[in-house]
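A.B. asks: Got a structure for you, written out below as structure tokens; questions coming shortly.
Put into structure tokens, the structure is as follows:
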């Protein structure tokens, strides 16, 4: 039954990484057993992370919504992430 649910799971993988995992690393200063304190000990690095997070959100979500409307903009964003997740799964899992 993997052929039925695996494509959707892989497609959602990039959304999970972008939305939760990188923010969790900044907050906890670790990724699972890997210590990230050396990378995020500086307030400058943390500020750069949040600034880049805002900028990428603007050009990946807000700009398409502004140009194409909410529904079409969100559809484009999700299609991009689903495509990226499928490509990553194909390259690294298969």
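In my numbering, the protein residues as written are 1124 to 1217.
Built from N, CA and C at the ideal position, the CB exists for glycine as well.
(1) Since residue 1188 contacts residue 1197 with CB under 8 Å, what's their CB separation in whole angstroms?
(2) Residue 1208: which of 1133, 1151, 1125 sits nearest, CA to CA?
(3) What is the rounded straight-line gap between the Cα of residue 1204 and the Cα of residue 1166?
(4) So within the region 1125 to 1180, which uninterrupted alpha helix (DSSP H) runs reach at least 4 residues, ignoring any that extend past its ends?
(5) Rounded to the nearest angstrom, what separates residue 1128 and residue 1157 at their Cα positions?
C.D. replies: Judging by the given coordinates:
(1) Between residue 1197 and residue 1188 the Cβ distance is about 7 Å, and since that is below 8 Å, they are a contact.
(2) Looking at the Cα atoms, 1133 is the closest of the given residues.
(3) Cα to Cα, the separation comes out at about 30 Å.
(4) 1125 to 1139, 1145 to 1151, 1160 to 1163, 1166 to 1180
(5) 30 Å
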